[in-house]
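Engineer: Heads up: the protein sequence lines correspond to chains A and B, in order. Residues -14 to 108 in the working numbering are what the first sequence lists, from first letter to last. Residues -14 to 108 in the working numbering are what the second sequence lists, from first letter to last. Every residue, glycine too, gets a C-beta built ideally from N, C-alpha and C.
Number of protein chains: 2
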Amino acid sequence: MIVNTKMVNMAQHKTITVNADVVACCSPLAHVEMSETEASDIAQIFSALSDPVRLRMLSMIASESEVCSCALEEPLAKSQPTISHHTRILAEAGLIVGERRGRWMWWRAAPDRMRDIARILGA
Amino acid sequence: MIVNTKMVNMAQHKTITVNADVVACCSPLAHVEMSETEASDIAQIFSALSDPVRLRMLSMIASESEVCSCALEEPLAKSQPTISHHTRILAEAGLIVGERRGRWMWWRAAPDRMRDIARILGA
DNA sequence: TTCGTGTATCGATGATTGTCAATACTAAGA
DNA sequence: TCTTAGTATTGACAATCATCGATACACGAA
């Protein structure tokens, strides 16, 4: 039974997903030269994707409907603080969204955001 | 008149494009959980995309048929060694391809590689 | 309230990275 | 050959990052 449900991106922080609309409305790379602002915003997202642990983490989360933080430590062979660090970075990039249920933190992928990024790369 | 033409990725190095087929045959993120090897290979490419200067550089190159190295310094406001450093990283990631003509280095985008990455993110 | 447990934060450390001045390399012309 | 000019490499430095132990916080149960 679900006792408490709270939508958050950064677990106990304000819900901040950076660059939401900037990314959504950004043109494909090959069409227009990017501004410095666009470049910084998008670079942050690629930066979130530039770590092997986070990539496998995102893959695990995106392959299921949702995954608990506690289910990530063992397969990724990382400590609990490290897992928390990486989920936070993915969430700040808008690639995953977190939901607290009691003591547990559940994560699910944000396919819209992933499509936005794919579109920027797409030909 | 073109005197000498040499296809290279790393300007005066061996032609090394890392992960070429690994990336091309990699499944979308949400389909199968990534192996550590896949994750490392793909993380390297996202790492190349994770810098604002490189993103703008790639955008400039992809917006034209080809761009000379010497045409990048001024609009990006970076020194020549820095430009060379960034083109090298993009080339090693397989995102751009270089061609030397005389004293000049010409770069063009690799849309196939960009599509491969988009497909990995795509839904 | 107290205890147990899952998660977030802090602090420190070793590794990686972006940047540029100086220098070496490469190619074309004189 | 010597000179000029575009590019690559080296070396150094400041900044950022991944990692984890220790600790604080949040929540449910007794």
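Using a beta-carbon distance below 8 angstroms, is ILE102(A) in contact with chain B?
Structural biologist: So, interface residue.
Engineer: Would you verify that the beta carbon of ILE27(A) is, or is not, closer than 8 angstroms to some beta carbon of chain B?
Structural biologist: Yes, contact with chain B.
Engineer: Less than 7 angstroms between the CB of TRP92(A) and some heavy atom of the ligand FMN, yes or no?
Structural biologist: By its list of ligands, the structure shown contains no ligand whatsoever, and the ligand FMN lies outside what it can speak to.
Engineer: Could you tell me how far apart the beta carbons of LEU106(A) and MET99(B) are, in whole angstroms, since I believe they sit closer than 8 angstroms?
Structural biologist: Yes, LEU106(A) and MET99(B) are in contact; Cβ-Cβ is about 5 angstroms, under 8 angstroms.
Engineer: Go ahead and label MET90(A) buried or exposed: buried means 16 or more other beta carbons lie within 10 angstroms of its beta carbon, across all protein chains shown.
Structural biologist: That one is buried.
Engineer: Just verifying my parser: in three-state terms, what is the DSSP assignment at ARG85(A)?
Structural biologist: Strand, per DSSP.
Engineer: Go through its chain and collect everything with a Cβ distance to ILE(-13)(A)'s Cβ below 7 angstroms, but skip five positions before and after it.
Structural biologist: Confidence is the limiting factor: at ILE(-13)(A) the pLDDT is only 31, short of 50, which leaves the residue's position unreliable, though a coordinate-based value still follows. Hits under 7 angstroms: ARG86.
Engineer: Can you list, in chain order, the residues of its chain whose CB lies under 6 angstroms from that of ILE46(B), leaving out five sequence neighbours each side?
Structural biologist: So the qualifying residues of the chain are VAL52, ILE81, TRP92, ALA94.
Engineer: Going straight from the alpha carbon of THR72(B) to that of ALA62(B), what length do you get?
Structural biologist: Their Cα atoms are separated by approximately 14 angstroms.
Engineer: Would you please state the rounded distance, in angstroms, between the beta carbons of MET19(A) and SER54(B)? I believe it to be under 8 angstroms.
Structural biologist: Between SER54(B) and MET19(A) the Cβ distance is about 19 angstroms, and since that is not below 8 angstroms, they are no contact.
Engineer: At a Cβ threshold of 8 angstroms, is GLU18(A) touching chain B?
Structural biologist: Interface residue, yes.
Engineer: Can you tell me where the alpha helix (DSSP H) holding LEU75(B) begins and where it ends?
Structural biologist: Unbroken alpha helix (DSSP H) run through LEU75(B): 65 to 77.
Engineer: Flag GLY107(A) as yes if its beta-carbon sits less than 8 angstroms from any beta-carbon of chain B, otherwise no.
Structural biologist: Yes - at least one Cβ of chain B is within 8 angstroms of the one on GLY107(A).
Engineer: Would you tell me roughly how many angstroms separate the C-alpha atoms of GLU84(B) and PRO66(A), rounded to the nearest one?
Structural biologist: Approximately 46 angstroms between the Cα atoms of the pair.
Engineer: Counting C-beta neighbours from all protein chains within 10 Å, is the total for ARG39(B) 16 or more, i.e. buried, or is it exposed?
Structural biologist: The residue in question, ARG39(B), is buried, as its Cβ has 16 or more Cβ neighbours within 10 Å.
Engineer: Classify CYS11(A) as buried or exposed, calling it buried when 16 or more other Cβ atoms lie within 10 Å of its own Cβ.
Structural biologist: Looking at its Cβ environment, which holds 16 or more other Cβ atoms inside 10 Å, CYS11(A) is buried.
Engineer: Short of 8 angstroms in beta carbon distance, which residues of its chain neighbour SER64(B), apart from the five on each side in sequence? Order them along the chain.
Structural biologist: Excluding positions up to five away in sequence, the list reads GLU58.
Engineer: Below 7 angstroms between beta carbons is the criterion; list the residues of the segment 33 to 56 of chain A that meet it against any residue of chain B, in chain order.
Structural biologist: Listed by position along the chain: LEU34, SER35, ASP36, PRO37, LEU40, ARG41, LEU43, SER44, MET45, ALA47, SER48.
Engineer: Nearest CA to the CA of HIS16(B): which residue from SER48(A), ARG88(A), ALA103(A), ARG104(A)?
Structural biologist: Ranking the options by Cα distance to HIS16(B), first place goes to SER48(A).
Engineer: Contact defined as beta carbons within less than 8 angstroms: I believe ALA103(A) pairs with ALA28(B). What is the distance between those atoms, to the nearest angstrom?
Structural biologist: Actually they are not in contact, since the Cβ atoms of ALA103(A) and ALA28(B) sit about 17 angstroms apart, beyond 8 angstroms.
Engineer: Could you check whether the Cβ of GLU59(A) sits closer than 8 angstroms to any Cβ belonging to chain B?
Structural biologist: No, because no Cβ of chain B sits closer than 8 angstroms to the Cβ of GLU59(A).
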